[in-house]
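Taking it in order: structure first as structure tokens, then the write-up.
There are 2 protein chains.
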Amino acid sequence: MIVTVTLNPALDITHTVASLVPHSSHRVTDVAAQAGGKGVNVARVLHALGLPTVAVAFRGGLTGAAVAADLDRHGIAHRLVDTAGESRRTFTVVDLGSGDATVFNEAGPAVSGAEWQALREQVHRLLTGASVLVLSGSLPPGLPDTAYAQLAGAAARAGVPVILDAAGPPLRAGVAAGPDVIKPNASELAEATGLPDPLAAAEALRAAGARAVVASLGPAGLLAVTPDGTFRAEPPAPLAGNPTGAGDSVVAAIAAGIHTGTSWPHRLADAVALSTATVKAPRAGQFDADTYHRLAPRPAGSRTPTPHPS
Amino acid sequence: MIVTVTLNPALDITHTVASLVPHSSHRVTDVAAQAGGKGVNVARVLHALGLPTVAVAFRGGLTGAAVAADLDRHGIAHRLVDTAGESRRTFTVVDLGSGDATVFNEAGPAVSGAEWQALREQVHRLLTGASVLVLSGSLPPGLPDTAYAQLAGAAARAGVPVILDAAGPPLRAGVAAGPDVIKPNASELAEATGLPDPLAAAEALRAAGARAVVASLGPAGLLAVTPDGTFRAEPPAPLAGNPTGAGDSVVAAIAAGIHTGTSWPHRLADAVALSTATVKAPRAGQFDADTYHRLAPRPAGSRTPTPHPS
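Sequences listed follow chains A and B, in order.
According to full-length UniProt numbering, the first sequence holds residues 1 to 310 in order.
According to full-length UniProt numbering, the second sequence holds residues 1 to 310 in order.
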């Protein structure tokens, strides 16, 4: 069972309009709403891959009820902890002309000490029988920067591998707790270390406590600095599409690899295939199954490109 | 009791951002959500004025539940008829730099024949004891252009005065049913009649069946063509602020005037005061009480400007 934690989940609402014109009124031609937040996206991908997963998240008010209803509709198992504050929304406007997205992110409700305690207890209960703990996304107001470090410490005591996908102070505090994998992007790497070179920055974060660093470098693919060596994996060709959720699919592939016990080169090839397939799908947490099955790594003898030692 | 009908209500969500930049990501600094739709806004204003009112509307899904929860929170009486489809949202992004608003309107759920029948029965029950029936706003998909005409006909048979605030085919069909008042704006007047002159257009709509036409002409104020004469009423000075909901406040003032039995000049002075006070408030259905009480008509001897025969 892969447990994902989303401390600041959202109802992700997407509006399609013919063309975005600031300071005018728009008729929305298509509306979609789904449960979101990075850990929720990871759980959605794992569920689609047929892997056992459960999404832990806060839920507040009618927006939180809409998040829960969407998870139920898609059969994604969840353990939601109630908050007094209303869950947040994100609102994405897709411009049909250019295909570009304009995004509005609400901050989310402040979480109380008692609510945070209830969520930690929920995670502690799930650690028995968990194969991986995924900690993803921003923290809501009210939680300490050490929130992920606390959860990672509990997982370490239970012998459950941790993947942390965060930024800023929660990332730095989390690294000190010794997670098995962190997945920064290029700007998060540089911001966390002050080092512009991704390889040097990844090595610095390993020295600070992370056992493996998988850096997502956009079009340049993935750089992984792991106990088994350093690897790079690139997408097969330049990508056009919606990059939202591509990083969450990288995390899902790594979690799946830890769950099933594959090697780092296999995990990275899978991560590139899954994130490429996500860019080809319209929304975060979805992926194009044909693209994924075409690119996903196969047993020896297949012609799928595999990552090369760096 | 003033009954308002909103066939396409909405959850009106307002996001404040520092500056709207298309195709980028925005942190939302303030979030507000309230029940909306033109008839709901009218009920909100009437309730704030201390007048007995009940809002009739469709309600679907969790967005409809949020509409109901907001009405409950503000003590606005309602009779909501459930739809299988989810109620719509509107999103308004307010740019803190310029104060300008960018608006995204969802279309709303299709309404079935049985749902429409249930709403008509609800209105028929409320007509016993109603002083005014207010019909406001666009029709959702699935309803015939004669929807307002059907409700207006039922009100006429029950001896209840009708105010209709609609546009396009539902306005034209509604006028034929002989409503007591219609409230088009300048473009709706021209669109409904093909006549560019507001006075000529208003007279044409009276000839087509409306007993009185109150046209809202923006900065030029109100033009009323009534059985008691033709009047104009202007705001005291050019207005700065948010015009959203100003037309709904005009409707609320006319409904209040019919309910309490005031003269047309008094109703129009009240409508100008209330719509001016609405422009000074941040959101539809709200008004600045100080502005309203300063401008509202008083008994003879007061210095409040009153409308003049035109």
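Ideal Cβ positions, reconstructed from N, Cα and C, are used throughout, including at glycine.
Taking residue i as part of the alpha helix (DSSP H), name the residues at either end of that continuous run.
| i | result |
| --- | --- |
| I2(B) | Element bounds for I2(B): not the alpha helix (DSSP H) but the beta strand (DSSP E), I2 to T6. |
| L189(B) | A186 to T193 |
| T278(A) | W264 to V279 |
| L119(A) | G113 to L127 |
| Q150(B) | A147 to A158 |
| G142(A) | Per DSSP, G142(A) belongs to no alpha helix (DSSP H) and is neither H nor E. |
| A176(A) | G168 to A176 |
What do you get for residue i, buried or exposed, if any count of 16 or more other CB atoms within 10 angstroms of its CB means buried?
| i | result |
| --- | --- |
| Q34(B) | buried |
| G99(B) | exposed |
| E121(B) | exposed |
| L96(B) | exposed |
| S24(B) | exposed |
| V81(A) | buried |
| Q286(B) | buried |
| S275(A) | buried |
| D180(A) | buried |
| A289(A) | exposed |
| D197(B) | exposed |
| G229(A) | exposed |
| D270(B) | buried |
| R294(B) | exposed |
| G168(A) | exposed |
| S19(B) | exposed |
| P219(B) | exposed |
| A240(B) | exposed |
| G194(A) | exposed |
| A149(A) | buried |
| P227(A) | exposed |
Where do the N-terminal and C-terminal ends of the beta strand (DSSP E) with residue i fall, by residue?
| i | result |
| --- | --- |
| T14(A) | A10 to V17 |
| D248(B) | From DSSP, D248(B) is part of no beta strand (DSSP E) but of the alpha helix (DSSP H) over A246 to T260. |
| R232(A) | G229 to A233 |
| T291(A) | That residue, T291(A), is in no beta strand (DSSP E); its alpha helix (DSSP H) goes A289 to L295. |
| L223(A) | L222 to T226 |
| V134(B) | V132 to S136 |
| A200(A) | Per DSSP, A200(A) belongs to no beta strand (DSSP E); it is in the alpha helix (DSSP H), P198 to A208. |
| V213(B) | A212 to S216 |
| V162(A) | V162 to D165 |
Using a threshold of 8 Å, state whether the C-beta atoms of residue i and residue j are closer than that.
| i | j | result |
| --- | --- | --- |
| T146(B) | A173(B) | yes |
| G209(B) | A256(B) | no |
| A69(B) | L62(A) | yes |
| D165(A) | V251(A) | yes |
| V134(B) | I2(B) | yes |
| G39(A) | V5(A) | yes |
| A273(A) | A237(A) | no |
| V56(B) | L11(B) | no |
| R59(A) | L126(A) | no |
| R232(B) | G247(B) | no |
| L7(A) | G137(A) | yes |
| R44(B) | H15(B) | no |
| T260(A) | A277(A) | no |
| A110(B) | G85(B) | yes |
| L119(A) | P170(A) | no |
| S112(A) | G153(A) | no |
| L223(B) | L205(B) | no |
| V28(A) | V21(A) | no |
| V54(A) | A77(A) | yes |
| A201(B) | A190(B) | yes |
| R211(B) | A32(B) | no |
Is any non-hydrogen atom of the ligand MG found closer than 7 Å to the C-beta of residue i, if you look at the structure I gave you?
| i | result |
| --- | --- |
| L20(B) | By its list of ligands, the structure shown contains no ligand whatsoever, and the ligand MG lies outside what it can speak to. |
Does any residue of chain C have a CB that is nearer than 8 Å to the CB of residue i?
| i | result |
| --- | --- |
| D248(A) | The structure shown has no chain C; the protein chains it does contain are A and B. |
Is the segment 177 to 196 of chain B close to the segment 211 to 219 of chain B, with three or more CB pairs under 8 Å?
-> yes
Unbroken beta strand (DSSP E) runs of length 3 or more, entirely within the segment 14 to 100 of chain A: which are they?
-> 25 to 27, 30 to 36, 53 to 59, 78 to 82 and 88 to 95
Could you tell me whether the segment 130 to 139 of chain A touches the segment 152 to 168 of chain A, using the rule of 3 or more Cβ pairs below 8 Å?
-> yes
contact_flag[the segment 84 to 92 of chain A, the segment 100 to 107 of chain A] where n(CB pairs < 8 Å) is 3 or more | Result yes; three or more Cβ-Cβ pairs closer than 8 Å.
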